[in-house]
Structures are given as structure tokens and as C-alpha cells.
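Position one of the sequence shown corresponds to residue 1 (full-length UniProt numbering), numbered consecutively onward. Glycine residues also receive a C-beta, built at the ideal position from the N, C-alpha and C atoms. Here the structure is a predicted model, which means the values were calculated and not measured. See structure below.
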Amino acid sequence: MKAAVQGRKDCVTALLLAGADLQAVDPVKGKTARDWATLTGRFETLVQIRSLLQRPRAEQFSSRYRPEWPALAELVAKALSPKSRGQRLSEKIRSALTFSFPKDPEEDGVMDHMVRMTTCLASPFVATACRTICPDSPPEVGKRRPAVPEILEEHTPAQDPESEPGRRPGNVSEEEEGDGGRRGG
Numbered sequence: 001m002k003a004a005v006q007g008r009k010d011c012v013t014a015l016l017l018a019g020a021d022l023q024a025v026d027p028v029k030g031k032t033a034r035d036w037a038t039l040t041g042r043f044e045t046l047v048q049i050r051s052l053l054q055r056p057r058a059e060q061f062s063s064r065y066r067p068e069w070p071a072l073a074e075l076v077a078k079a080l081s082p083k084s085r086g087q088r089l090s091e092k093i094r095s096a097l098t099f100s101f102p103k104d105p106e107e108d109g110v111m112d113h114m115v116r117m118t119t120c121l122a123s124p125f126v127a128t129a130c131r132t133i134c135p136d137s138p139p140e141v142g143k144r145r146p147a148v149p150e151i152l153e154e155h156t157p158a159q160d161p162e163s164e165p166g167r168r169p170g171n172v173s174e175e176e177e178g179d180g181g182r183r184g185g
């Protein structure tokens with residue numbers, strides 16, 4: 001709720017994808033995080049919450065996601081389709097006389113695909129830099145995610161006392177000989 005009140009949309013995103021409850025109510029005022037964001041005028045945070053609820057699962061972090069853009073085949077076919085002289089002329093005139101103003105990127109457009117493709121597990125950027133421990137359990141809104149120490153505890157084998165660094169089988173340290181850790185006597 002504090003992140004929503006302060007308008008920290010990145011924190012809200014991280015908390016929601018880590019399993020924070022969006023329906024949790026403030027015990028004093030009886031408001032949810034969404035209500036607080038509305039009350040304090042944090043429009044960007046509200047937009048972020050809405051977009052997370054529309055697409056609650058980050059599918060690019062799943063091992064099953066493949067970086068393919070579904071709209072690409074259709075757009076290539078449209079660009080390569082034969083056009084008459086009249087169509088080409090009208091396109092040239094339209095492009096010469098049209099002013100293009102900056103606008104928001106379209107939903108599931110090329111920018112969304114580029115972000116998903118470069119952050120997915122199959123991406124060459126990510127594949128060389130890291131290895132995920134839970135590839136079949138991507139972040140999802142409302143699903144509790146374990147903390148890093150919990151994940152490491154679950155996936156790290158216990159160390160044997162024999163495999164301590166700097167210790168070789170057959171070597172006996174001074175403490176084990178009965179020295180008791182005293183030196184120089």
C-alpha cells in the first residue's frame with residue numbers, strides 16, 4: 001500500500017509479481033492499494049496495476065516460451081503482396097503528405113515483442129548471463145514467490161564435513177591433535 005500511495009510503480013510491480021495481495025485492506029482507513037493509488041492521484045501506478053491484471057503472468061520467464069512474434073508472418077505477407085500502380089502511387093502521396101506524431105506503442109506490438117524476446121529464458125542475452133532455478137514457475141500476480149534464501153536452501157545440496165575447503169583427507173590439524181587451539185607454548 002505504501003508503494004501505491006507514493007506512486008512507486010516499479011515497487012508495486014515487484015510486489016505483485018512476488019505474490020502480494022492486491023485485495024489487502026488497510027486496517028485504519030479500510031482501503032486497498034488500488035484505492036490509495038486512486039485517492040492520491042497516482043495514475044501511473046493505477047495503469048501499471050491494470051496492465052498487470054490484464055496479463056498476470058510473465059510468460060517469457062517460462063521455459064516453454066519461444067521468442068516468436070505471431071504478427072510477423074501476416075505483416076511480411078502484407079508488405080510483399082503485389083500492388084497495382086495506383087496503390088503504390090496513393091501510398092507515396094499519403095506518406096509524403098502525412099505527419100506522423102509520436103503515439104503510444106500498440107498493445108502486443110513490436111516493442112512488446114522486443115522486450116519479451118530480450119528478457120525471455122531462450123534469449124541469447126539471458127542464456128549466457130544466468131541460469132534460472134525455477135523455469136517452470138514464472139512470476140504471476142497473486143502467486144507467492146519464495147525468497148532467494150528459500151530457493152537456494154531448496155536447491156543447494158548440503159556440504160559434507162569432509163569436503164570443507166582447504167582440508168585434505170589424511171591431514172590432521174593442530175586443534176585435532178589435542179593442542180586445543182593454543183599456539184607457541
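message: I'd like to check one pair, Ala37 with Leu22: are the Cβ atoms closer than 8 Å?
response: One-based indexing of the sequence shown puts residue 22 at position 22. One-based indexing of the sequence shown puts residue 37 at position 37. Not a contact, by the Cβ cut-off of 8 Å.
message: Taking 8 Å as the threshold (C-beta atoms), are Val12 and Thr40 in contact?
response: Here residue 40 refers to the residue found at position 40 of the sequence shown. Here residue 12 refers to the residue found at position 12 of the sequence shown. Cβ atoms of Thr40 and Val12: not closer than 8 Å.
message: Using only CA atoms, which one of Cys120, Glu153, Arg144 lies nearest to Ala14?
response: Residue numbering aside, residue 14 sits at position 14 when the sequence shown is read from its first letter. Considering only alpha carbons, the answer is Arg144.
- request: Using three-state DSSP, classify Glu140 as helix, strand or coil.
  value: Mapped onto the sequence shown, residue 140 falls at position 140. Reduced to three states, the DSSP call for Glu140 is strand.
message: Do Pro67 and Ala122 have their beta-carbon atoms positioned less than 8 Å apart in this structure?
response: Numbered from its first residue, the sequence shown carries residue 122 at position 122. Numbered from its first residue, the sequence shown carries residue 67 at position 67. When the beta-carbon positions are compared, Ala122 and Pro67 come within less than 8 Å of each other.
field: Through-space distance from Pro138 to Leu16, alpha-carbon basis
entry: For the purposes of this step, residue 16 is identified with residue 16 of the sequence shown, where counting begins at 1. For the purposes of this step, residue 138 is identified with residue 138 of the sequence shown, where counting begins at 1. Each residue's Cα considered, the two are about 13 Å apart.
- prompt: How about Pro56 and Gly109: are their beta carbons less than 8 Å apart?
  reply: Position 56 of the sequence shown, counted from the start, is the residue given in the question as residue 56. Position 109 of the sequence shown, counted from the start, is the residue given in the question as residue 109. In this structure, Gly109 does not lie closer than 8 Å to Pro56 by Cβ.
task: Let me know if Arg42 comes out buried or exposed under the rule of 16 or more other beta-carbons within 10 Å of its beta-carbon.
output: Here residue 42 refers to the residue found at position 42 of the sequence shown. Looking at its Cβ environment, which holds 16 or more other Cβ atoms inside 10 Å, Arg42 is buried.
- request: Tell me, to the nearest whole angstrom, how far the beta carbon of Ser63 is from that of Asp112; I am working on the premise that it is less than 8 Å.
  value: For the purposes of this step, residue 63 is taken as residue 63 along the sequence shown, with counting starting at 1. For the purposes of this step, residue 112 is taken as residue 112 along the sequence shown, with counting starting at 1. In fact, because the Cβ distance is near 20 Å, the residues do not count as touching under 8 Å.
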